[in-house]
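Let me begin by presenting the structure, written as structure tokens, before commenting on it.
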């Protein structure tokens with residue numbers, strides 16, 4: 084389709100105005116101990132209500148450049164696994180100049196290896212238990228937030244293998260199995276449905292042919308308010324993973340639909 088010259092010129096003017104009105108924000112993230120630049124820190128520009136409007140990972144020089152065109156003051160947040168997060172003071176966007184922000188991230192003050200695990204009634208926690216869970220969750224959330232952001236960015240070339248199995252009535256013996264392999268460009272090969280849908284309809288649903296469809300969790304789901312509000316969290320350790328601490332989740336007692344339970348394992352030393 085051809086656009087009339089006048090319309091095309093209007094698009095160019097609009098694009099030029101948008102770029103001209105955008106404020107440049109250059110962020111550098113360094114180590115608080117050595118001053119060395121940190122590569123791979125997750126940096127976000129936050130609007131006045133604390134919502135991330137731009138995000139990026141720092142490059143080899145520890146920097147990330149943003150073009151931001153919103154009204155009012157903003158802040159910058161930097162996160163990195165194994166280090167404490169930092170948020171800048173609010174600053175106003177001023178057209179025509181580059182705002183330079185530097186954030187120094189100290190090594191993570193949370194020693195996961197020192198966190199003890201004690202059993203208690205589901206979702207009824209003493210204040211000290213809630214504090215320990217919050218410390219582990221903060222480390223897990225950094226990993227999940229980076230993963231969720233990465234999945235929303237450009238396309239990746241992936242080799243995907245999909246298996247289908249028929250099990251016996253006891254669910255132990257495989258009676259039939261098929262495998263399909265394909266390559267394609269995609270943001271992420273498998274995604275869960277929306278958190279709102281899962282909260283309303285559950286994780287297991289009957290199919291018209293008499294079978295069932297089972298849904299899993301992705302990073303976006305685990306970070307959502309719907310999931311956090313309907314699940315209980317706890318801590319666990321296992322002899323199979325002696326250098327890790329597990330952040331467990333399970334449905335709240337009031338759950339009325341098919342749900343899921345699981346464990347996020349974090350390395351004691353790095354928090355990964």
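Numbering (the working numbering), first residue to last: 84 to 355.
All residues carry an ideal CB built from backbone N, CA and C; glycine is no exception.
These numbers were taken from a predicted model, which means no experiment stands behind them.
- For residue 309, there is no enclosing beta strand (DSSP E); the enclosing alpha helix (DSSP H) covers residues 308 to 312.
- DSSP places residue 325 within a strand segment (E or B) once states are collapsed to three.
- Note on residue 303: 16 or more other CB atoms within 10 angstroms of its CB, so buried under the neighbour-count rule.
- Fewer than three beta-carbon pairs drawn from the region 283 to 298 and the region 315 to 322 are found closer than 8 Å, and the two stretches are therefore not classed as touching.
- Taking C-alpha positions only, residue 156 is separated from residue 336 by approximately 42 Å.
- A straight-line Cα-Cα distance of about 43 Å links residue 215 and residue 266.
- For residue 229 against residue 125, the beta-carbon gap comes to about 5 Å, under 8 Å, which counts as contact.
- Taking a contact as a CB-CB distance under 8 Å, the pair residue 152 and residue 105 counts as one, their CB atoms being some 4 Å apart.
- Listed in chain order, the beta strand (DSSP E) elements of length 3 or more contained wholly in the region 136 to 199 are 146 to 151, 156 to 163, 166 to 170, 181 to 188.
- In this structure, DSSP gives residue 333 an extended state, which the three-state scheme calls strand.
- Between the C-alpha atoms of residue 276 and residue 284 there is a straight-line separation of about 11 Å.
- From the listed residues 218, 145, 349, 223, the smallest Cα separation to residue 187 is found for 145.
- Taking residue 167 as reference, the option from 257, 136, 112 with the minimal CA-CA separation is 112.
- Non-local beta-carbon contacts of residue 279 in its own chain, meaning distances under 8 Å to residues more than five positions away in sequence, involve 309 in chain order.
- Cβ-Cβ separation between residue 136 and residue 159: approximately 11 Å, too far for a contact (criterion under 8 Å).
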